[in-house]
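**Student:** Protein chains in written order, with my numbering: chain S, 36 to 380; chain C, 36 to 380; chain G, 36 to 380; chain W, 36 to 380.
So this is what it looks like as structure tokens:
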């Protein structure tokens, strides 16, 4: 922590800051500049809040020096974390595509989708049973019935399943059916939920909140890691900005930024980012080119009949084309795409 | 819903849109313009999603015409809703100030605060027992012990209490101690929690999410109202923008905008909005001048020792001055401030 | 400037930073912490760029300590600057309302407006002759003819005029007709224009850019002040955010923030901020309650026929009511409203 | 235009809207819904402003149907525009990389850079002589001397030059030295400047304003196109958001969005977007993968001594590596990189 004194701070005020810092068990280093006096706080004493210090007499502001996240930081864990999930590895050389509908709607819909995805080489099926929706009048998901349908196709097609959990009380239920628990963007700072999944050892796909900074995403991961669950996968899915042509603004820079700040795997969701199916392929290719470890893509056999997010869903045919494009881009950046067909390229 | 066809849409595509609209039980009104054909959808059939229609062949976009909220809308409930809470009314002629520390920290702290606030004429004490914090290493609140301390001072000083609930499982516990349940900004779209408080009849203070639009705030209120709980108070507390001099950007226009769109009471939280105690008084006066029905203000007897949000907390002395300023502004806009001393002005 | 070294920076890297800092004519103060080494840079040597230092080996980042503005800063000029303009003072005890149409459209329009405003006690007429418009197909203002019409009513009704200048080449022309030159939000960082008006001694109304921070607004003012023109009035007019119910988001906190950071007068434009006439009065009252030194309000005798910004214009009748409301709020915060009728309150 | 009447609008109000619409020379199509009446306005009469119509009695809002840009729209010009500039084509199959320092600083600096870039196969040199800087105390560019240095290396190395023009009065001067005139982000809505370059026939590189929407960028292009200059190249360079880890947020979706909305070439500037050299390569690869027609990349032989933007500049060595990466990604998306070495891949 660096304490910047106000222009004209008195020597008494400066002395008092030093006294308080030392009283809290720290060393204080004084630097008297031409216009400002600066005091560095050094050591491992009782926690000091910059917020509070900024209120001490004569203090202008207090600047934190250390990053607030530790367990998520690459500084303390230089090598990449790879999350293995029943044979699929997220965070390694292979880029993993997770695809499927926004919501499970019916046996036919999820079966048709799973079959098509399997053919395209997908190993992880996405699909929501519990859906957070802006309006109480919109389709809220099939709930437990949706989970059962997911398990049926999971078993039939030998797929893994990623699905959302919205409430601490549902974790065990969802974990019975799914392989990866998704924390949605709206729940990224639902700390009760973060604590609860941190107590489990299930793989967690943590989506960035729509107005969360990169640092806040890492702090949310820190909640889970600090409870002992190390199997955290981060997901960039677009942030809210003034631009409204797209549903959100996909923060492509967050991918290399996160890869340098943390050891955790980073995947991208171009479907929610753009909200428009015709932009999904370009953003998916971009995410792979920028270093993403995986993708989350919405696919629906009949987007115009989807009960949610139809406008951002690819048909299975368009998705199959995209997979071929992604294979080429992955290869261009020295990686490969998980799934059958990999050898062929 | 209005369907705008693409430039050059064929008559077959137009015919097909009309057919589908009628099949869903609606009437279709055709308007053939110079550059675009437009089709109005009229009636009460099976719900149609604009998202999906935008995917029909030849369609450029589908524009919704109606506001998505009903129960919260002033269109359907023209008169102001007043929420009575054990003798205090929120949403009426009197402006209600809720004040207190960010978090309950100790018996001494909450007692000293409550005593000072009572002297200033405050009737509702705020204070968190469960605290949502960005970092898992920060003070998370005293939990149930905090609730007990709140009840002690509530009884001793005859105050009402507003305090946060973070999880559906805690609602009944929190309601045993508090009079108003606060849903924090980070939980505004925690739909499990909204549903759960909607099933109760406790007064709910719903804070606007830091990146939520006015419409989304009203949709979150709609979740609660649609479950039968009509005692909802909305709170503007600043939104996230590029400006970082303040903690958030207080959206002053949201106050008159909400007052015109909804019948629900609207209060303001200048402390979280600004994050700087020296700006709180100006923004509090502004909120009253703009028509707020109440204020939520952080007061701490020793801000520089606060375990959270010290930088935005007023001392009891500064708060007492602010109360006098607010009385004058309230009077200037034809209202009064709740609490003793009102007669004197 | 504070230099934060990377975790694990070598003593050679630290030594090299010190060497370079001293070579540039500064003193280097070393603070070796538990996890990080910090080096304070002190003195008045050749300018050092934090941007560059952050690239030196072993450096994590370089934090500036001083505010980048000087002439605009209250630190160096504690007392309020009052800008006198032909008998009207902006920045003093009296709050000054500048009102009029977005654009001068015709002799009748500007005459009718001026007459009504005069009756309401307004002393400064606003009106654009050169209009920056998003679309090249929209009305671009009457240009020189508009300036002539402004001068006619200015003389007839003894008003001062504030009008926009968009290009360095137009400054002298506009100054022949207007008393205050407005730099619009889109030109806040048109540095050629800032330099050019800085060379004059005309009063300048500098509007905050729609995505400019408070600090950038002060830096833009610094451009003008550094060329010798001290007559600068700042204007908060709303910033661009994700909220689209209003045209912009009025940053009410910027008013007290600017008043504490700078000695320059600060006025507010609730018309452009909201874009909706029905919200203008509430935001105008709020701005006065928050400490604004003046207001810029759009008034049009027939808003529904306005060639620009009709939706945010008040009719003269509504404006007259607002003036009465503003008088009461001004009085509540210990100030008065400029213009006739002041005595009466 | 679609006019949505208020709930409960009277038949008299509806009749009056129809009368006014017809009086302006349009047809009015009435659709009476269950909750709202809607009136479609059809035809080519005197321009009607939706802003004004929204003020007519009984009207709730007026929704525009047509996009406001015409000349820039792909609807009216389906094939791609290719801008040929002395033998280099922007907007065709080849992706064009423009590289060089933020600012021309000295003969040595620009010479060393040009030599290195030439070796990497670059055909267009970027470099500013007039620099828009946030602070008046920062380096403002060498002005005319900078232009002369650019021409020297341009001739010596047979490069084209792109350089910024900040003021209408400088256009002819800058065009004597540069091949492409850049309009910077801060000037995207400097309409005087847009008009002035629209009157010339020089190629214009138009950068997106930091808080401008995609539509506003296209409207700015429309200003230039409407004056007859068809040689416009658009540039995505990041927008301003709440995320401050990066200098701006690169809007990757804007690339495919622009490519679908307009026929103009679209290039990307990952240097200004990220503000951090270590993120530039990832974002540059992403832009190519997303369909950009070119890139603008800052390269400086000694970034840590740069007079501006050192932190976002690549060294020539890093740039040479990036060029190889870009060649591979370009090939993966079916394109090639302009410049020597293309054949080799």
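Even for Gly, the Cβ is constructed at its ideal location relative to N, Cα and C. The model shown is predicted, which means the values in this text are computed figures rather than measured ones.
Could you check if residue 326(W) is buried or exposed, using at least 16 other CB atoms within 10 Å of its CB as the buried criterion?
**Tutor:** Its Cβ being crowded by 16 or more others within 10 Å, residue 326(W) is buried.
**Student:** Among 226(S), 340(S), 304(S) and 181(S), whose alpha-carbon lies nearest the alpha-carbon of residue 284(S)?
**Tutor:** Looking at the Cα atoms, 304(S) is the closest of the given residues.
**Student:** Is the Cβ-Cβ distance between residue 249(G) and residue 212(C) less than 8 Å?
**Tutor:** The answer is no: Cβ separation not under 8 Å.
**Student:** Report the residue from 133(W), 51(W), 299(W) and 307(W) whose alpha carbon sits nearest the alpha carbon of residue 372(W).
**Tutor:** Checked all of 133(W), 51(W), 299(W) and 307(W); the closest Cα to residue 372(W) is 133(W).
**Student:** Is residue 86(G) helix, strand or coil when you go by DSSP?
**Tutor:** DSSP places residue 86(G) in helix when its eight states are reduced to three.
**Student:** Considering only residues of the same chain and omitting the five flanking positions on each side of residue 318(W), which have a CB-CB separation below 7 Å?
**Tutor:** So the list reads 285, 305, 308 and 309, once near-sequence residues are dropped.
**Student:** Return the first residue and the last residue of the alpha helix (DSSP H) that residue 356(C) is part of.
**Tutor:** First-last of the alpha helix (DSSP H) with residue 356(C): 351–367.
**Student:** If you drop the 5 nearest sequence neighbours on each side, which residues of the same chain put their C-beta closer than 7 Å to that of residue 357(G)?
**Tutor:** So the qualifying residues of the chain are 316, 319 and 349.
**Student:** Inspect the CB distances between the stretch 354–368 of chain W and the stretch 324–338 of chain W and report whether three or more fall short of 8 Å.
**Tutor:** They touch, by the three-pair rule.
**Student:** Residue 169(W) and residue 336(W) - do their beta-carbons sit closer together than 8 Å?
**Tutor:** Cβ atoms of residue 336(W) and residue 169(W): not closer than 8 Å.
**Student:** What first and last residue would you give for the beta strand (DSSP E) that runs through residue 133(C)?
**Tutor:** Where residue 133(C) is concerned, the enclosing beta strand (DSSP E) stretches over 129–135.
**Student:** Under a CB-based cut-off of 8 Å, is residue 280(C) close to chain G?
**Tutor:** For residue 280(C), the answer is yes, since a Cβ of chain G falls inside 8 Å of its Cβ.
**Student:** Taking the alpha-carbon of residue 137(G) as reference, which of 365(G), 298(G), 339(G) and 374(G) has the nearest alpha-carbon?
**Tutor:** Considering only alpha carbons, the answer is 339(G).
**Student:** With a threshold of 7 Å on Cβ separation, who are the neighbours of residue 255(G) within its own chain once the five nearest residues in sequence on each side are excluded?
**Tutor:** So the list reads 223, 224, 229 and 241, once near-sequence residues are dropped.
**Student:** What does residue 306(C) reach in chain G if we use C-beta pairs closer than 9 Å?
**Tutor:** Going along chain G, no residue has its Cβ under 9 Å from residue 306(C), so there is no contact; the nearest lies around 12 Å.
**Student:** Please work out which residues of its chain come closer than 6 Å, Cβ to Cβ, to residue 361(S), disregarding the five sequence neighbours upstream and downstream, and give them in chain order.
**Tutor:** Contacts found: 323 and 372.
**Student:** In the DSSP output, what is residue 124(G) paired with across the bridge?
**Tutor:** BP columns for residue 124(G) point to 119(G).
**Student:** Helix, strand or coil for residue 66(G) per DSSP?
**Tutor:** Residue state, collapsed to three classes: strand.
**Student:** Hey, residue 268(C) and residue 300(C) are a contact pair by Cβ (cut 8 Å); roughly how many whole angstroms apart?
**Tutor:** About 5 Å; that satisfies the 8 Å criterion.
**Student:** Just reading off the alpha helix (DSSP H) that residue 157(W) is part of, what are its end residues?
**Tutor:** Run containing residue 157(W): none; DSSP gives neither H nor E here.
**Student:** Buried or exposed for residue 111(C), going by 16 or more other Cβ atoms inside 10 Å?
**Tutor:** Under this definition residue 111(C) is an exposed residue.
**Student:** Per DSSP, what kind of secondary structure is residue 56(C) in: helix, strand or coil?
**Tutor:** Note: residue 56(C) maps to helix in three-state DSSP.
**Student:** Does the beta carbon of residue 66(C) sit closer than 8 Å to a beta carbon anywhere in chain W?
**Tutor:** For residue 66(C), the answer is yes, since a Cβ of chain W falls inside 8 Å of its Cβ.
**Student:** Taking Cβ-Cβ distances shorter than 8 Å, what residues in chain G pair up with residue 364(C)?
**Tutor:** Result: 324, 364, 367 and 368.
**Student:** Within a Cβ cutoff of 7 Å, which residues of the same chain sit near residue 220(W), ignoring the five residues on either side of it in sequence?
**Tutor:** So the list reads 242, 243, 244, 245 and 272, once near-sequence residues are dropped.
**Student:** Using a threshold of 8 Å, state whether the C-beta atoms of residue 126(W) and residue 84(G) are closer than that.
**Tutor:** In this structure, residue 84(G) does not lie closer than 8 Å to residue 126(W) by Cβ.
**Student:** Would DSSP call residue 217(C) helix, strand or coil?
**Tutor:** Strand.
**Student:** So, does the CB of residue 53(G) fall closer than 8 Å to a CB anywhere in chain S?
**Tutor:** No, no contact with chain S.
**Student:** At a Cβ cut of 9 Å, what residues of the stretch 84–113 of chain G count as close to chain C, listed as they run along the chain?
**Tutor:** Listed by position, the residues of the stretch 84–113 of chain G near chain C (Cβ gap below 9 Å) amount to none.
**Student:** I want to verify the contact list: residues of chain G whose CB lies under 8 Å from the CB of residue 338(W), in sequence order.
**Tutor:** Going along chain G in sequence order, the residues near residue 338(W) (Cβ under 8 Å) are 87 and 90.
**Student:** Listing by chain order, which chain C residues have their CB less than 7 Å from the CB of residue 78(W)?
**Tutor:** Those within 7 Å of residue 78(W) in chain C are 69.
**Student:** How long is the line joining the alpha carbons of residue 118(C) and residue 367(G), rounded to whole angstroms?
**Tutor:** When rounded, the distance between both Cα atoms is 28 Å.
**Student:** Roughly how far, in whole angstroms, is the beta-carbon of residue 195(G) from the beta-carbon of residue 158(G), given that I think they are within contact range, below 8 Å?
**Tutor:** Yes, residue 195(G) and residue 158(G) are in contact; Cβ-Cβ is about 6 Å, under 8 Å.
**Student:** Check whether the Cβ of residue 285(G) lies closer than 8 Å to any Cβ atom in chain S.
**Tutor:** It does not: the Cβ of residue 285(G) has no partner Cβ on chain S nearer than 8 Å.
**Student:** Would you mind working out which of 232(W), 188(W), 64(W) and 130(W) sits nearest residue 15(W), comparing C-alpha positions?
**Tutor:** Only positions 36 to 380 of chain W appear in the structure, and residue 15(W) is not among them; the question remains open.
**Student:** Can you tell which of 172(G), 75(G), 176(G) and 72(G) has its C-alpha closest to the C-alpha of residue 104(W)?
**Tutor:** Minimum Cα distance to residue 104(W) is reached at 172(G).
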